[in-house]
Each structure stands twice: as structure tokens, then as C-alpha cells.
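Using the numbering used here, the letters of the sequence shown correspond one by one to residues 22 to 195.
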Amino acid sequence: MLANFLIGLREGLEAALIVSILVAYLVKTNNRKGANQVLWGVAIAVLTSVLAGVAIAEFIEVVPEGTNEIIAGLASIIAVFFVTWMIFWMARQARGLKAELHEKIDTAVKASALSLVGVAFFAVIREGIETAVFIWSASRATGNDTNPVLGAALGLITAAVLGYLIYRGALKIT
């Protein structure tokens with residue numbers, strides 16, 4: 022359960038950081054309507070991620086016996102790839118992430134309300150799909166008796182609370 026908590030916390034914090042920057046920027050630029058659109062994008066991404074997790078679990082149940090181990094191994098390799106890629110991506114993008122997000126938001130605000138929903142959706146869906154793959158892979162490695170969903174949910178809730186605190190702190194920064 023601890024491993025899944027940490028997965029949920031890490032992936033949730035990545036998404037929460039991006040969403041906090043987006044919403045804080047919109048609120049500071051007096052675009053509260055845009056902030057609501059961002060939250061709709063987040064909600065749709067979370068729902069899609071949950072459905073993806075359920076689909077992964079259901080798909081695995083119907084594959085021929087003996088294939089689970091191959092799929093779990095491939096999922097673990099994909100998970101390692103995602104984590105490694107994210108480390109290198111964050112190292113390259115860390116300095117310009119805020120400015121890049123602000124630029125995307127400004128462009129989306131000018132385009133349409135649906136564009137803001139899309140920016141938020143795509144910012145969160147990648148983390149959500151990664152979380153679904155990581156949780157499934159970790160639960161296969163440790164067994165289903167370790168409450169993988171509960172651990173991940175607690176990690177995600179903790180990340181959401183920390184994300185809110187980051188958002189509140191971002192509003193205080195001038």
C-alpha cells in the first residue's frame with residue numbers, strides 16, 4: 022500500500038503543480054471563468070484516467086493465461102521509461118515551465134473556452150494514465166491484498182491538498 026501511496030502522491034503532485042500554476046495565473050489575471058474551465062478539464066481528465074485504469078484491469082482479466090506476466094513486465098518497463106523521461110524532461114523544462122504554461126493559457130483564452138478545458142485536460146491526463154499504469158503494475162508485483170487503490174487514492178488526496186496549498190501560496194507571490 023505504501024508504494025501505491027507514493028505513486029499516487031508523486032503523480033498527483035506533478036498534476037497539482039501544473040493545475041496550481043494555471044489556476045493561479047488565471048485568477049491573478051482576473052479570469053475566474055477561465056479557472057472554472059481549467060477545473061472542468063481536470064475533472065474530465067481524472068474521470069478518463071479512472072476509466073483507463075478500469076479498462077487496463079478488465080483487459081488483463083480476459084487475456085490468455087500466462088500473458089499477465091508478460092504484460093506486467095512490459096508495463097514495468099514502460100513505467101521505468103516514463104519516470105526516466107520525466108526526470109530528463111523536468112531538468113530541461115523546469116526553468117521555463119511557468120512561462121510556457123502562461124503562454125499556453127494566454128493562447129487558449131484568446132481561442133475559446135474549450136481550449137482552456139483542453140489545456141488542463143492534456144496537462145492532467147498524461148499523469149493520470151501514468152498513474153493507472155504504475156498502480157496496475159505495482160499491484161501485480163505486490164499482489165492484490167495490499168489495497169493498491171486505497172494507497173493510490175490516499176496519495177492522490179494528499180497531493181490534491183498539497184496542490185491547493187501551492188495554489189494558495191502562488192496567489193500570495195506578487
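Ideal placement from N, C-alpha and C gives every residue a C-beta, glycine not left out.
This one's a predicted model, so the numbers in the text were calculated from it and none came from an experiment.
What are the start and end residues of the alpha helix (DSSP H) that includes T69?
53 to 83
Exposed or buried, which one is F80 when buried takes at least 16 other CB atoms within 10 Å?
The C-beta of F80 has fewer than 16 other C-beta atoms within 10 Å across all chains shown, which makes the residue exposed.
State buried or exposed for N51, treating a residue as buried only when at least 16 other CB atoms are found within 10 Å of its CB.
By the neighbour-count rule (16 or more Cβ atoms within 10 Å), N51 is not buried but exposed.
Evaluate the contact criterion for the segment 150 to 163 versus the segment 47 to 64: three or more CB pairs, one atom per stretch, below 8 Å.
no
Is it the case that the Cβ atoms of A36 and V145 are separated by a distance below 8 Å?
yes
Report the residue from R189, G190, L177 whose alpha carbon sits nearest the alpha carbon of L30.
L177
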